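See below for the structure under consideration.
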Amino acid sequence: QDNGLTLNGFLFLNTLFIQRGRHETTWTILRKFGYDDNLELMDDYLYPELRVPVGCTTEMNHLGHQFLQRLFDKYDEDKDSALSPAELKNLFCVCPYMPWAADVFMTVPTTEEGYLSNHGYHCQWMLSAYLDIHRCLEHLGYLGYPILTEHESQTTAVTVTREKEVDLEKRQTQRTVFLCKVIGPRGTGKTAFLQSFVGRSVPGKGNPSSAFTPYAINSVQVSSQEKYLILNEVDVETEFLKASDASCDVACLMYDASDPHSFDYCASIYKQHYMDSNIPCVLVASKVDLPEVKQFHGMTPAEFCYKHRLPPPLPFSSLLLDSTSKSIYTRLAWAAMYPHLKGSDMSSTSFWLRVALGSAVVAVLGFAVYRAAVRLK
């Protein structure tokens, strides 16, 4: 009546300023009344209730990816489809601390300049949602997800997957993110294995700009579907303190083919943690670019795999990264998606021929349906 603003009108007006990028107006008002940059948001906003039952995981869904892409496009100032360290800092300027440390550039795919690519950016958010969903929701809250998307809370940006036991019973899964623990003695080449997955060679030990990270995440194609595979380099001596520490979707047991004592370590880990579990295991023989030596174990790696109904060891070399070495990551994703095939069925050549044939049939049928639809038009 008096041409004044009600409380709701005042809050709505400032919301419009923020949504339209005129943050300085709201900051001017706050500083006028003695506030500084240290603002805190309420816990019930930052940490909305999200129930994650045992055996379930959390993933970023399409709503979350759409919001994150809008942020990426906004802060990619030079429009090179990558975020430089400065652009990434600007993106998180509304957070009270930098959510991602320097090791993010070693965890996900980057550009040739070492910048965070669009794909790597989404990979890191998938990793964050999988490993620490409550921290991920906090970051989305600071970035304004509920306000900018007009959703009730950040929980609409994530999906809680079905329990793993149900997936095993039904022999299928809708999950898109899988965890692989990479286990092996020191010096085996686990770090090189992780870095090769994100398209990078291992930096020199004297390189101060590099930051070690036990994780690497990238996408792989499985049955014409994009899946995310998380590789976690594990130090068994310090991390396998209880049975649950060995839990994952697939275990990658890596031994050095040029070290005669290396395989014995993997055999021991398998018998101790995985032999009686439902977790599929894949053995990888690393450093195959070096002369292979006889392993000091009661049987050869191939004989061990045959006895325990495991796929034969897969050769890998970070120096000779050919199609055979690269296909290991797809094999790991397959094993994680179809754990009920962890026996000899998966180790046979015929299994992989059936996989390839099935994929080809799906592609041919899809093309035929497309042709028919075009003709009907």
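Just so we're aligned, residue 1 is where the sequence shown starts under the UniProt record's numbering, counting upward by one.
Glycine residues also receive a C-beta, built at the ideal position from the N, C-alpha and C atoms.
Predicted, not measured: the structure shown is a model, and the values here were computed from it.
Item	Value
Beta-carbon proximity of L63 to A157, cut-off 7 Å	yes
K287, DSSP secondary structure in three states	coil
The stretch 223-236 in contact with the stretch 177-196 per 3-pair CB rule at 8 Å	yes
F33 vs T25 beta-carbon contact at 7 Å	no
Per DSSP, the bridge partner or partners of T110	L116
For A216, the first and last residue of its enclosing beta strand (DSSP E)	215-222
Residues sharing a beta bridge with M60, DSSP	V158
Own chain partners of R162 with C-beta closer than 8 Å, once the 5 adjacent residues on each side are dropped	C56, T173, Q174, R175
Buried/exposed call for V284, threshold 16 Cβ in 10 Å	buried
8 Å CB neighbourhood of M98 in its chain, flanking five on each side removed	K89, F92
L11 in three-state terms, based on DSSP	helix
Top-ranked residue by Cα proximity to F197, from R22, S318, P312	S318
Three CB pairs or more closer than 8 Å across the stretch 211-224 and the stretch 294-311	no
Three CB pairs or more closer than 8 Å across the stretch 123-136 and the stretch 74-84	no
Range covered by the beta strand (DSSP E) that runs through V166	That residue, V166, is in no beta strand (DSSP E); its alpha helix (DSSP H) goes 164-170.
For Y228, three-class secondary structure by DSSP	strand
A257 (DSSP reduced to helix, strand or coil)	coil
Helix, strand or coil at S209 [DSSP, three-state]	Note that S209 scores 45 on pLDDT, short of 50, meaning its location in the model is unreliable; the coordinates nonetheless yield the value given after this. Residue state, collapsed to three classes: coil.
Span of the beta strand (DSSP E) around K181	177-183
Selected residue, minimal CA-CA separation from Q154, among F263, E49, Q272	E49
Terminal residues of the alpha helix (DSSP H) in which N90 lies	85-91
Under 7 Å between C-beta atoms of F178 and A336	yes
When D276, L116, Y142, V108 are compared against E40, the one with the closest alpha-carbon	Y142
Cα-Cα separation, L116 to V104	8 Å
Contact belief for Y274 with A302 at Cβ below 8 Å, rounded distance in angstroms	Contact flag wrong, Cβ pair sits at about 18 Å.
Per-residue DSSP class, three states only, for L148	helix
Simplified DSSP assignment, three categories, for A102	coil
Buried versus exposed, by CB contacts within 10 Å (16 or more), L11	exposed
Same chain only: Cβ atoms within 7 Å of T294, ignoring 5 sequence neighbours per side	As written in the sequence, residue 294 is Lys, which differs from the Thr given in the question. The residues are P260.
Minimum C-alpha distance to G120 - residue among T188, Q69, P315	Q69
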